[in-house]
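Before any comments, here is the structure.
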Amino acid sequence: MQKKVKIIHILCHLPHPIIKSIKKPEEYFKTAGAGNYIKIAEAPYWVGFFTKDHHAIAAEELKKLTNEFDIECWRPYGYGIKKPYQKVVGGIIHKVFPATQIIIPQFGQYVWSKSLYKELIKEIENNNIILKISVGHAWFHIILQLKLKKFKNQFGLVALHLSSGFKRFSYFQLSPIKRLFKWYYLIEHWLDVKSLFVSDIYYSGSLIEAKYLKEKHPALPAQYFMEGIDFSRYKKLSKTEKTELRKELGLPTDKNIFIVQGNWRSTDYNYRPLIQCYNRVKKSGKADNLQMVMIGGYKTEDLYQEAIEAGVIMIERCPSDFFIKYMEASDFFGKPNFDYSFINFGGFGFSTIEAMACGLPVISNNIIHFPGTEGEVKKIGFEMQTEKKLEEAIIFLNQNFEKYNECRSLAKKYFDIDNTGSLLINKYKELEAKYFSK
């Protein structure tokens with residue numbers, strides 16, 4: 001009897017560094033859906049299995065759609081663990097591995113896990129394996145795929161764009177002087193593209209990246225694709241229902257709520273310009289009935305206090321069910337970032353899809369990755385190329401968000417998990433037939 005195919009979801013980065021400051025994991029994991037942990041006898045004294053990272057969410061959605069495959073989630077963990085650990089969470093095996101992280105100023109960071117790679121080869125040699133690798137255009141996935149090339153006739157590989165972009169694009173954004181010193185960007189870009197050729201398919205959530213690969217590397221099996229969501233989990237509430245939910249959540253009931261998702265680090269999402277814009281909008285008197293809420297960061301991050309002083313309500317990162325409630329209670333959504341790489345290669349944004357599923361129009365430069373028509377894009381919200389445009393968009397949506405009544409239906413048209421999940425399942429079946437039906 002043929003062995004059941006095992007799909008291993010692999011994330012390419014370490015957990016959030018906030019875990020280093022958590023002494024009592026039972027407090028972090030007290031809310032349902034955050035994941036689970038095990039305590040160990042030596043530093044770091046506990047190991048977490050986080051179920052709301054991208055690879056774990058994808059694994060959970062796959063499990064809901066089919067029982068045809070065994071499903072696991074792997075990641076490099078680091079933070080001092082000396083051996084791999086595993087735990088079954090929500091019926092899915094989660095494995096974490098010792099890892100090395102080296103950060104070199106101006107060059108970037110390097111993450112690698114020798115034990116993860118060794119365990120992966122063991123799995124490939126003994127089982128029917130399809131890998132689903134989350135691509136962050138980072139050294140981890142580049143090295144992993146290049147090293148796996150010699151075993152490629154033994155397993156399937158689906159690479160799915162998670163974040164960031166090819167270094168070639170960053171290189172040509174540099175001044176001529178800086179290009180002289182950062183020539184290694186082009187080498188990293190070459191290796192990155194070469195590593196993706198090892199995959200059976202590369203799904204990119206960036207329309208710009210997908211177009212570039214089609215034009216410059218037509219031999220690479222690549223196409224635009226974003227994983228969808230289960231729309232039954234999200235509701236578009238009436239005004240009365242929003243008011244009741246806001247009372248439950250402790251949010252103001254006499255304001256329009258502009259909710260923004262993302263961490264609060266100036267070196268990442270960098271919402272400092274947004275905070276300053278909100279401050280100016282409030283002082284202008286043009287949106288006295290507006291309240292901005294920022295959700296998804298930690299109090300230890302550097303923009304937290306700045307946002308508090310600007311009158312922003314700050315909600316720390318929370319489990320998915322609570323996050324959805326905050327979305328449903330809000331009126332319009334934002335992920336307003338001005339960073340070139342974030343805009344062009346960050347994709348449309350999973351949380352943006354969730355917001356639209358709750359009926360919220362959006363303010364984000366990343367709507368350039370919405371796969372709909374030009375007319376449909378105008379029905380979901382705004383780009384904002386400058387801070388002035390961002391202020392204008394905030395003021396306009398504060399007065400007109402109710403007119404954007406097709407957001408949920410347009411999101412469902414392109415990002416329904418029933419459709420996107422079927423596409424992935426069909427790809428897995430295709431690879432199963434290719435590699436294991438012999």
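The sequence shown begins at 1 in my numbering and counts up one residue at a time.
Note that CB positions come from ideal geometry on N, CA and C, so glycine has one too.
6 Å Cβ shell around residue i - same chain, five flanking residues per side excluded
| i | result |
| --- | --- |
| ASN398 | ASN256, ALA287 and LEU290 |
| TYR340 | GLN173 |
| ILE353 | ILE229, ALA411 and PHE415 |
| PHE382 | ILE363 and ALA393 |
| SER199 | LEU157 and ALA159 |
| LYS167 | TYR185, GLU188 and HIS189 |
| PHE401 | ASP331, PHE332 and PRO361 |
Reduced DSSP category for residue i - H, G, I as helix; E, B as strand; rest coil
| i | result |
| --- | --- |
| ILE40 | coil |
| TYR269 | coil |
| THR420 | helix |
| LYS30 | coil |
| HIS189 | helix |
| PHE155 | coil |
| HIS16 | coil |
| SER437 | coil |
| ASN160 | According to the sequence as given, residue 160 is Leu; it is not Asn. Three-state DSSP puts LEU160 in a strand. |
| ILE380 | coil |
| GLN173 | coil |
| TYR203 | strand |
| VAL281 | helix |
| SER134 | strand |
| TYR212 | helix |
| ALA357 | helix |
Residues bridged to residue i [DSSP beta-bridge criterion]
| i | result |
| --- | --- |
| PHE332 | PHE258 |
| GLY48 | TYR37 |
| THR100 | TRP112 |
| TRP74 | ILE10 and LYS95 |
| LEU290 | ASN256 |
Cα-Cα separation between residue i and residue j, rounded to whole angstroms
| i | j | result |
| --- | --- | --- |
| THR66 | CYS277 | 46 Å |
| PRO84 | VAL96 | 6 Å |
| TYR184 | HIS141 | 18 Å |
| GLY250 | LYS64 | 32 Å |
| ILE308 | ASN426 | 47 Å |
| ASP321 | PHE348 | 21 Å |
| PRO76 | GLY165 | 21 Å |
| GLU227 | GLY334 | 20 Å |
| GLU301 | ILE315 | 13 Å |
| ALA310 | ALA329 | 21 Å |
Closest residue to residue i among the options (Cα-Cα distance)
| i | options | result |
| --- | --- | --- |
| TRP264 | MET294, PRO84, LYS247 and GLU402 | MET294 |
| ASN337 | TYR326, ILE324 and ILE368 | ILE368 |
| GLU387 | VAL281, HIS161 and LYS378 | VAL281 |
| GLU123 | LEU160, TYR79, GLY78 and GLU72 | GLU72 |
| VAL135 | GLU215, PHE345 and GLY375 | PHE345 |
| ASN365 | GLU188, SER422, PHE342 and ASP302 | PHE342 |
| ASN36 | TYR28, GLU42 and GLY372 | TYR28 |
| VAL158 | LEU131, THR420, SER284 and PHE370 | LEU131 |
| ILE324 | TYR117, ARG246, SER163 and HIS16 | ARG246 |
| ALA138 | SER115, MET356 and TYR110 | TYR110 |
| ILE313 | LYS147, MET292, LYS216 and GLU42 | MET292 |
| ASN405 | LYS379, LYS413 and TYR428 | LYS379 |
| LEU148 | CYS12, GLY375, GLU26 and LYS118 | LYS118 |
Cut-off 7 Å between Cβ atoms - residues of its own chain near residue i, not counting five sequence neighbours on either side
| i | result |
| --- | --- |
| LYS236 | CYS358, GLY359 and ARG408 |
| LEU431 | ILE130, GLY156 and ASP200 |
Chain-order list of residues whose beta-carbon lies under 8 Å from that of residue i (same chain, five-residue window excluded)
| i | result |
| --- | --- |
| TYR79 | LEU14, PRO15, ILE19, LYS20 and PRO44 |
| LYS6 | PHE69, ASP70, ILE71, GLU72, GLU123, ASN127, ASN128, ILE129 and ILE130 |
| LYS152 | VAL198 |
| LEU207 | TYR224, ILE368, HIS369 and PRO371 |
| THR253 | THR243, ARG246 and LYS247 |
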